[in-house]
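Colleague: Pasting in a structure now, in structure tokens, and then I'll have a few things to ask.
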Amino acid sequence: METMFGIAVDGVAYGMILFIISVGLSVTLGLMRVVNLAHGAFAMVGGYVASYAAQSAGLPYAAALVAAVALTVLATLPLERLLYRRIYGSANELAQVLLTIGLTFVIVAGINYLFGPTLKRIPLPDLLTGTVALGPKAIPTHRAFVIGAGAATLLGLWWLLERTDFGIRLRAAVDDPAMAAALGIRTERLYLATFALGTGLAALGGVLGAELLPLEPYYAIRYIVLFLAVVAVGGAGSIFGSAAAALALGIIDTAGKYLIPNFGEFFFYAALILILFRWPHGFFKGRTA
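Take 3 as the starting number for the sequence shown in my numbering and just add one per residue.
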């Protein structure tokens, strides 16, 4: 029972980290039709900036988190205007892949040059280093914090995209950009805001998940497959699909590593194959809710 409880807690926390990072990619792919393979690099930037802010600049954890998200968004906004805006909705997926994977290598090289090619860590505050009682059991406070942040992200995104004018205008701009523009919707601003949202979520996940997805020199290349797997299983553009996929894959992967550690990530990819065999278009078939 102790092992199963540990698997459940660590699996849900790991799944929530995958969700926070991957849902930004899901929104970008599902709503803006862009295969953004540089999404993992944005998460890496957020993590490295937070590590520098906390360790070298001496900022508190919360301030480092906010600074990392804000600076990552500000640093990537010019990329949206100069590069991504040219490939929105493009039928040439190969051009999207080549552009974004090339951008990934450039960012990885730049980050390693600026911060050094070593493993980075983000010191946790005392508030997140203890345990929280959950009935007769206790779970690490950081795991509980991550789970809570994931749940808040899920509800916040659902509300933003389904219950606000922003979400309505965004879906209209995606479905028919010309008609949306004719009705007075500033489609370029919507795409910019959506890109910033996805980038901010990537950076947030990169910081919160540093304990589970270590910040190492090739973070962006190593983990992008995990993020793409969540999008593929959950359905591009589906918030709840991304959450369900991230939790399912996170728990399965954690269980495999607990019970048969020598198999590494075998169970993660085996589950991915079986799920896509049964649901080739994802759990929610790319819906936006």
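By construction, the Cβ of each residue, glycine as well, lies at the ideal position given by its N, Cα and C atoms.
Remember, it's a predicted structure, so these values are computed and weren't measured experimentally.
1. Is DSSP giving proline 142 helix, strand or coil here?
2. Can you give the Cα-Cα distance for alanine 64 and valine 75, rounded to whole angstroms?
3. Could you give the residue range of the beta strand (DSSP E) that holds valine 134?
4. Please classify leucine 217: does DSSP put it in a helix, a strand, or coil?
5. Where DSSP assigns a beta bridge to lysine 259, which residues make up the other side?
6. What number of angstroms, rounded off, separates the C-alpha of leucine 276 from the C-alpha of phenylalanine 265?
7. Evaluate methionine 181 with the Cβ neighbour count: other Cβ atoms within 10 Å of its Cβ, from every protein chain shown; 16 or more gives buried, anything less gives exposed.
8. Would phenylalanine 279 be called buried (16 or more neighbouring beta carbons within 10 Å of its own) or exposed?
9. Considering only the beta carbon of each residue, do leucine 251 and valine 232 sit closer than 8 Å?
10. How would you call threonine 290, buried or exposed, if buried means at least 16 neighbouring beta carbons within 10 angstroms?
11. Over what stretch of residues does the alpha helix (DSSP H) that includes alanine 15 continue unbroken?
12. Could you give the distance in angstroms between the alpha-carbon of threonine 189 and the alpha-carbon of threonine 133?
13. Compute the Euclidean distance between the alpha carbons of glycine 60 and leucine 185, then round it to the nearest angstrom.
14. Would alanine 66 and alanine 55 be called neighbours here (beta carbons separated by less than 8 Å)?
15. Between isoleucine 113 and the rest of its own chain, which residues show a CB-CB distance below 7 Å, the 5 nearest in sequence each way excluded?
16. How long is the line joining the alpha carbons of glycine 236 and alanine 183, rounded to whole angstroms?
17. For valine 36, collect the residues of the same chain with a Cβ closer than 7 Å to its Cβ; drop the 5 residues on either side in sequence, then sort them by chain order.
18. Going by C-alpha to C-alpha distance, which of Arg145, Leu79, Phe285 and Leu84 sits closest to alanine 212?
19. Please list the terminal residues of the continuous alpha helix (DSSP H) segment that includes phenylalanine 285.
20. Find the nearest neighbour of alanine 234 within the set Asp255, Phe285, Ile253 and Pro62, judged by alpha-carbon distance.
21. Within 10 angstroms of the Cβ of methionine 18, are there 16 or more other Cβ atoms? Answer buried if so, exposed if not.
22. On the DSSP letters alone, give me the boundaries of the alpha helix (DSSP H) that isoleucine 109 sits inside.
23. For leucine 274, I'd like the list of residues in its chain whose CB is within less than 6 Å of its CB, leaving aside the five on either flank, ordered along the chain.
24. Check alanine 291 in the structure and name its three-state DSSP category.
25. Using C-beta distances below 7 Å, list every residue in its chain close to glycine 152, excluding the 5 sequence neighbours before and after it, in chain order.
26. Tell me whether asparagine 108 is buried or exposed, calling it buried when 16 or more other Cβ atoms sit within 10 Å of its Cβ.
Modeller: Concretely, from the data shown:
1. In this structure, proline 142 counts as strand in the three-state DSSP scheme.
2. For alanine 64 and valine 75, the gap between their C-alpha atoms comes out near 17 Å.
3. Judged by DSSP secondary structure, valine 134 falls within the beta strand (DSSP E) whose first and last residues are 133-136.
4. Residue state for leucine 217 is assigned as strand, using DSSP reduced to three classes.
5. Within the DSSP bridge table, the entry for lysine 259 names no partner.
6. So the two alpha carbons sit approximately 17 Å from each other.
7. When all chains shown are included, methionine 181 counts as exposed.
8. Counting C-beta atoms within 10 angstroms of its own C-beta, phenylalanine 279 has fewer than 16 neighbours from the protein chains shown and is therefore classed as exposed.
9. In this structure, valine 232 lies closer than 8 Å to leucine 251 by Cβ.
10. The predicted position of threonine 290 is uncertain, since its pLDDT is 44 and thus under 50; a value taken from the coordinates is nonetheless stated next. It counts as buried.
11. Per DSSP, the continuous alpha helix (DSSP H) segment holding alanine 15 begins and ends at 4-34.
12. Distance from the CA atom of threonine 189 to the CA atom of threonine 133, rounded to whole angstroms, is 46 Å.
13. Cα-Cα distance, rounded: 49 Å.
14. The answer is yes: Cβ separation under 8 Å.
15. Hits under 7 Å: Met46, Val47 and Tyr50.
16. Take the alpha-carbon of glycine 236 and the one of alanine 183: they are about 30 Å apart.
17. Around valine 36: Thr30, Tyr86, Ile89, Tyr90 and Gln98.
18. Closest by alpha carbon: Arg145.
19. Segment: none, phenylalanine 285 is in no alpha helix (DSSP H) and carries neither H nor E.
20. Of Asp255, Phe285, Ile253 and Pro62, the residue nearest in Cα terms is Phe285.
21. Classification of methionine 18: buried, given that the 10 Å Cβ count is 16 or more.
22. First-last of the alpha helix (DSSP H) with isoleucine 109: 95-117.
23. Sequence-distant partners of leucine 274 (beyond 5 residues in either direction) whose C-beta falls short of 6 Å from its own C-beta, in its chain, are Ala231.
24. Model confidence at alanine 291 stands at a pLDDT of 46, short of 50, so the residue's coordinates are unreliable and nothing is read from them.
25. Met18, Phe21 and Ile22, listed in sequence order.
26. Inspection of the sequence shows that residue 108 is occupied by valine rather than by asparagine. Counting Cβ neighbours within 10 Å, valine 108 comes out exposed, since fewer than 16 surround it.
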